[in-house]
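Structure first, commentary second.
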DNA sequence: TTAAATTACCTTGCATACAAGATAATTTAA
DNA sequence: TTAAATTATCTTGTATGCAAGGTAATTTAA
């Protein structure tokens, strides 16, 4: 008989819950949620991505993306632009507000990671991250 | 500059997403969601728990619990009972339908854990679980 | 070339999550 | 003892997450 305390699905859910909570708390000053921040982080790598490409990079379906995008546009973090060559494609660009927030947000992300992994020596951090990547298959 | 691919919050979110997806797929036959199943698992340990105690055990707030409980009652998995000694307390009891589903659900949970951790040797599984517990603080 | 298939995105519906506020029952204190 | 504080639960509002279906633009094929 397996208890949920031994269930990897439960353990992942609760570790995720904890991590989200810490990041969410730090992001309050910016008025951003963890998902909204992640959405923009994908654009730090490459600005002007299409909605679909953002979804592939952060592994999120377009139904959820649509809502996140809409709130980011309303709050002035990003702009939508229809692709010139393909009328189906919506591209997303960071605003000046978003670009100037990058250093502050980066600091929050680093701080969050430090807090969550403060008890983990360097090699354990690497091991844990490898485990999590391996689980995605 | 930290990429979200190195961010522990992102890695946990996506490992969690994967795990939920696998369990969700296996639970379709029972018409249960992972959270509904987890809710009942807490009652396998001790039937007749109060709503608040269930929330403490599976680390979920009462706002979310209320909805999960309502759907379980509607589908005939559990019954609500007001505590005789304290009118504020709602206790939850498994129905016969729920008790007879325990073996099948246990099998699904075991299978899900095997699938997710198939590439992990025994000692790595233990290590990963310890990591995840440690992160909750 | 144009009808069919594909693609990109959006919308709807349902189920978590959680903050914040409301309510009823119980306990504590003055 | 009874007003105040506490507790257990519920409700509301916002934000994911995902399945399923819809629409417009593009590409493929007959």
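Protein chains in written order, with our numbering: chain A, 43 to 179; chain B, 43 to 179.
From the three backbone atoms N, C-alpha and C, an ideal C-beta is built for every residue, glycine too.
Quiz item: Looking at the C-beta of residue 83 of chain A, does it have a partner C-beta in chain B at a distance below 7 Å?
Solution: It does; some Cβ of chain B falls within 7 Å.
Quiz item: By a C-beta neighbour count over all protein chains shown, 10 Å radius and 16 as the cutoff for buried, is residue 146 of chain A buried or exposed?
Solution: exposed
Quiz item: Looking at chain A, which residues of the stretch 64-78 of chain B have a Cβ within less than 7 Å of any of its Cβ atoms?
Solution: Within the stretch 64-78 of chain B, the residues whose Cβ lies closer than 7 Å to some Cβ of chain A are 65 and 76, listed in chain order.
Self-check item: Whole-angstrom C-beta distance between residue 58 of chain B and residue 54 of chain A, which should lie under 8 Å
Solution: Contact between residue 54 of chain A and residue 58 of chain B is confirmed by a C-beta separation of about 4 Å, below the 8 Å threshold.
Quiz prompt | 7 Å Cβ cutoff, residue 53 of chain A in contact with chain B | solution = yes
Practice problem: Give a yes or no on whether 7 Å exceeds the smallest Cβ distance from residue 50 of chain B to chain A. | Solution: Yes, residue 50 of chain B lies at the interface with chain A (some Cβ there is under 7 Å from its Cβ).
Quiz item: Can residue 155 of chain B and residue 150 of chain A be called in contact, C-beta distance under 7 Å?
Solution: no
Exercise. Let me know if residue 97 of chain B comes out buried or exposed under the rule of 16 or more other beta-carbons within 10 Å of its beta-carbon.
Key: buried
Quiz item: Where does residue 177 of chain B sit, in a helix, a strand or coil, going by DSSP?
Solution: helix
Quiz prompt | Exposure of residue 142 of chain B, with buried meaning 16 or more beta-carbon neighbours within 10 Å | solution = exposed
Self-check item: Residues of the stretch 146-168 of chain B whose Cβ lies closer than 9 Å to any Cβ of chain A, in chain order
Solution: For the stretch 146-168 of chain B, the beta-carbon criterion of a distance under 9 Å to any beta-carbon of chain A is satisfied by 148, 151, 152, 154, 155, 158, 159, 161, 162, 166 and 167.
Quiz item: Is any beta-carbon of chain A found at less than 7 Å from that of residue 80 of chain B?
Solution: yes
Quiz item: From residue 168 of chain B to residue 130 of chain A, what does the alpha carbon distance come to, in whole angstroms?
Solution: 48 Å
Practice problem: Can you give me the start and stop residues for the alpha helix (DSSP H) that residue 82 of chain B sits inside? | Solution: 76-87
Exercise. Give me the Cα-Cα distance between residue 84 of chain A and residue 127 of chain B, rounded to the nearest whole angstrom.
Key: 55 Å
Exercise. Taking 7 Å as the cut-off, decide whether the C-beta atoms of residue 173 of chain A and residue 170 of chain B are in contact.
Key: yes
Quiz item: From residue 108 of chain A to residue 65 of chain B, what does the alpha carbon distance come to, in whole angstroms?
Solution: 26 Å
Practice problem: On a CA-only basis, which of A/94, A/118 and A/79 is nearest residue 105 of chain A? Give me that one, please. | Solution: A/94
Quiz item: Does any residue of chain A bring its CB to less than 7 Å from the CB of residue 139 of chain B?
Solution: No, residue 139 of chain B does not count as interfacial toward chain A.
Quiz item: Could you give the uninterrupted runs of the alpha helix (DSSP H) lying entirely in the stretch 46-75 of chain A, keeping only those of 4 residues or more?
Solution: Segments of the alpha helix (DSSP H) lying fully in the stretch 46-75 of chain A: 50-69.
Quiz item: Quick one: which chain A residues come within Cβ less than 9 Å of residue 45 of chain B?
Solution: Going along chain A in sequence order, the residues near residue 45 of chain B (Cβ under 9 Å) are 83, 86 and 87.
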